[in-house]
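Residue numbers (my numbering): -5 to 391.
Built from N, CA and C at the ideal position, the CB exists for glycine as well.
Predicted model only: the values in this text are computed from it and were never measured.
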């Protein structure tokens, strides 16, 4: 039996493009809060900046879903990749101004183009195992994290933040070439240039009717709670490490080691995710993520490198379980509407992270890092336990 879980060609191509996109992004994303502080922003403004990035993804995802009917999703994905490159250019040349904040929104729009299109390509394909396919797709950022932060730190050390943005710009250009040459070879659902908003409205009405079903609504709600918690960490985890007086080199070592250890373990995780039902992945992933957040917050200033490493490693696996379960569930339950399903799936992730970052930014000042993580963890565990109970009761009827 092969150690590597099976991966179909369409899954491989979308995952490689996702890897390249995230490699370019993660060259600087780990240090982005530090970049914002360096540019003079306050802690609450850091949280608001993440809101400007992630909220537009949720807002523009339905529009991208509509255009996916009329324009090749490969073309839309390439536009998204190039948008990441333009964003990097903006971070090089723009001062803190209206345009600087507008470019955060531009990054969100670019992400909507890429992720709605890529999810749509996967959902419209005849996947043997949707949970496994999305587990591969969602593993790509972790693989990028194994190397990108180290490369990014070296570039920042030599050429400051502007150098790392320039390198990312070049990488996204090559990713766009890869995407358009490889994915155009795949058999992707034919476009319909005559598709109208009226038809889109009808499709969404049918989709929302399906979403009201208890066996879909409850797991999706639980998965969303995990994304809210992820927003806490996305905006403030690195600053939490700085508060513990970790050096930049130690933070770099931590992130790189975490991703390197994740690589072999993820292969077993993907296999396990492929064997479990989507709902099982979601409930288990949410519970583990919440409990680990409570542990990390409880340790507070007593947390050391090893305990934080174990907690974050567990959260990486549990987040992969929850995200793959959600996408796999939507892929199977809404298989007649892949464009709308991909748009909705894309909405959940950034909306959860955006709201989580916003809430964290509002309360971090009087709660502090430890209480913030504890409160978020308790919330997720409660939602997961209640959701699982209601789900089981519904299926026992």
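Checklist entry - Cβ atoms of residue 70 and residue 61: under 8 Å apart, would you say? => result It is a contact, given that the beta carbons lie within the stated cut-off.
Checklist entry - Which of the three DSSP states, helix, strand or coil, is assigned to residue 33? => result Residue 33 falls in the coil class under three-state DSSP.
Item to check | From 140, 83, 232, residue whose alpha carbon lies closest to that of residue 160 | outcome: When each option's Cα is compared against that of residue 160, the closest is 83.
Next on the checklist: I'd like to know whether the C-beta atoms of residue 225 and residue 21 end up nearer to each other than 8 Å.
Outcome noted: No, these two residues do not count as a Cβ contact at 8 Å.
Item to check | Cβ-based burial, residue 262 [other Cβ within 10 Å; buried from 16] | outcome: It is exposed - the Cβ of residue 262 has fewer than 16 other Cβ atoms within 10 Å.
Checklist entry - Helix, strand or coil: which one does DSSP assign to residue 213? => result Residue 213 falls in the helix class under three-state DSSP.
Checklist entry - How should residue 257 be labelled, buried or exposed, when 16 other C-beta atoms within 10 angstroms of its C-beta is the threshold for buried? => result Residue 257 should be labelled exposed.
Next on the checklist: Within 8 Å, do at least three Cβ pairs link the region 28 to 43 to the region 226 to 244?
Outcome noted: Using a Cβ-Cβ distance cut-off of 8 Å, the region 226 to 244 and the region 28 to 43 are in contact, since at least three pairs of beta carbons, one from each stretch, lie closer than that value.
Item to check | Helix, strand or coil at residue 331 [DSSP, three-state] | outcome: Coil.
Next on the checklist: Which of the three DSSP states is assigned to residue 136 in this structure?
Outcome noted: Reduced to three states, the DSSP call for residue 136 is helix.
Checklist entry - What residue from 288, 325, 30, 6 has the CA that sits closest to residue 118's CA? => result The option with the nearest alpha carbon to residue 118 is 325.
Next on the checklist: Measuring only the C-alpha atoms, how far is residue 205 from residue 385?
Outcome noted: Between the alpha carbons of residue 205 and residue 385 lies a distance of about 14 Å.
Item to check | Euclidean distance between Cα positions of residue 300 and residue 309 | outcome: Straight-line Cα distance between these residues: approximately 14 Å.
Item to check | Chain-order list of residues whose beta-carbon lies under 8 Å from that of residue 373 (same chain, five-residue window excluded) | outcome: So the list reads 219, 222, 223, 284, once near-sequence residues are dropped.
Checklist entry - Is DSSP giving residue -5 helix, strand or coil here? => result Caution applies to residue -5, whose pLDDT of 47 falls short of 50 and renders its modelled position unreliable; the value that the coordinates give is listed next. Collapsing the DSSP output to three states places residue -5 in coil.
Checklist entry - CB residue 202 to CB residue 8, shorter than 8 Å? => result Not in contact: residue 202 and residue 8 (Cβ atoms no closer than 8 Å).
Checklist entry - Would residue 164 be called buried (16 or more neighbouring beta carbons within 10 Å of its own) or exposed? => result Label assigned to residue 164: exposed.
Checklist entry - If we call anything under 8 Å between Cβ atoms a contact, is residue 321 one with residue 140? => result Taking 8 Å as the cut-off, the beta carbon of residue 321 is found no closer than this to the beta carbon of residue 140.
Next on the checklist: I need the DSSP call for residue 258, collapsed to helix, strand or coil.
Outcome noted: If DSSP states are grouped into helix, strand and coil, residue 258 belongs with the helices.
Checklist entry - Beta carbon of residue 97, beta carbon of residue 81: below 8 Å? => result Residue 97 places its beta carbon less than 8 Å from that of residue 81.
Next on the checklist: I need the boundaries of the alpha helix (DSSP H) containing residue 273, first residue and last residue.
Outcome noted: That run of the alpha helix (DSSP H) goes 272 to 293.
Item to check | Nearest candidate by alpha-carbon position, reference residue 214, set 339, 196, 144 | outcome: Closest option to residue 214, Cα to Cα, is 339.
Item to check | Cβ-based burial, residue 168 [other Cβ within 10 Å; buried from 16] | outcome: Burial call: exposed.
Checklist entry - Can residue 354 and residue 366 be called in contact, C-beta distance under 8 Å? => result Yes.
Checklist entry - Given residue 312, which residues of its chain have a CB within under 6 Å of its CB, disregarding the five upstream and five downstream residues? => result Excluding residues up to 5 positions away in sequence, 279, 282, 283 lie with their Cβ nearer than 6 Å to the Cβ of residue 312 in the same chain.
Checklist entry - Secondary structure at residue 206, three-state DSSP: helix, strand or coil? => result Reduced to three states, the DSSP call for residue 206 is coil.
Item to check | Rounded C-alpha distance that separates residue 330 from residue 272 | outcome: Taking the straight line from one Cα to the other gives about 18 Å.
Checklist entry - Once you ignore the five residues that flank residue 136 on each side, which residues in its own chain have a CB closer than 8 Å to its CB? => result Same-chain partners within the cutoff: 253, 256, 257, 260, 310, 314.
Checklist entry - Using a Cβ-Cβ cut-off of 7 Å (strictly less than) and excluding sequence neighbours within five positions of residue 1, which residues of its own chain qualify? => result Hits under 7 Å: 130.
Checklist entry - So, are the CB atoms of residue 115 and residue 54 less than 8 Å apart? => result No, the pair does not count as a contact, with Cβ atoms beyond the cut-off.
Item to check | Cβ-based neighbour list, residue 57, same chain, cut-off 7 Å, excluding 5 preceding and 5 following | outcome: In its chain, beyond the 5 residues on either side, no residue has a beta carbon closer than 7 Å to the beta carbon of residue 57.
Item to check | Close-in-space but distant-in-sequence residues of the same chain around residue 345 (CB under 6 Å, 5 per side omitted) | outcome: Apart from sequence neighbours up to five positions away, the residues of its chain that approach residue 345 with a beta-carbon distance below 6 Å are 52, ordered along the chain.
Item to check | Beta-carbon contacts of residue 363 that lie in its chain and below 7 Å, excluding the five residues immediately before and after | outcome: These residues qualify, in order along the chain: 230, 234, 237.
Next on the checklist: Helix, strand or coil, according to DSSP, for residue 240 in the structure here?
Outcome noted: In the structure shown, residue 240 sits in coil (DSSP, three-state: anything other than H, G, I, E or B).
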